[in-house]
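Comments concern the structure below.
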Amino acid sequence: MSNVSTVNKLLEQIQALPVAIEEQKRVLFDLEQRRSNARMTLNSYLDPMARLPLEIQSQIFFDVEPGTASKVPHPLAAPMVFLTISRLWHAIALAIPRLWTTL
Numbered sequence: 021m022s023n024v025s026t027v028n029k030l031l032e033q034i035q036a037l038p039v040a041i042e043e044q045k046r047v048l049f050d051l052e053q054r055r056s057n058a059r060m061t062l063n064s065y066l067d068p069m070a071r072l073p074l075e076i077q078s079q080i081f082f083d084v085e086p087g088t089a090s091k092v093p094h095p096l097a098a099p100m101v102f103l104t105i106s107r108l109w110h111a112i113a114l115a116i117p118r119l120w121t122t123l
């Protein structure tokens, strides 16, 4: 095999590899999404809060003592802390507008 032939084959490989790399990135992204969805589904089965009706979840959030009112809410005080516990708690907290009226 001549050097020209070898060089041409190597150039073809170099040109083809970015397409293959992008395809593998798409496959990896899809697998990561599926893993994330599976984890979220598993967490919803394991989290007892997820099994409660929204009305009871809301009441639990309201029953938490918010502490002293200040102009800048502390990130570890209710209701701000609810945003950091889990995705479910984050969604529940944002779904309760009355929870945020004191901020």
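To convert a position in the sequence shown, counted from 1, into our numbering, add 20. Glycine included, every Cβ here is placed at the ideal spot set by N, Cα and C. Since we're looking at a predicted model, the values are computed, not measured.
Are the CB atoms of Ala70 and Leu30 nearer to each other than 8 Å? no
Please say whether Leu119 and His110 have beta carbons closer to each other than 8 Å? no
Using DSSP with H/G/I as helix, E/B as strand and the rest coil, what is Leu72? coil
Do the CB positions of Phe81 and Pro68 come within less than 8 Å of each other? no
Please confirm whether Gln77 and Ile112 have their CB atoms less than 8 Å apart. With respect to Ile112, Gln77 sits close: the two C-beta atoms are nearer than 8 Å.
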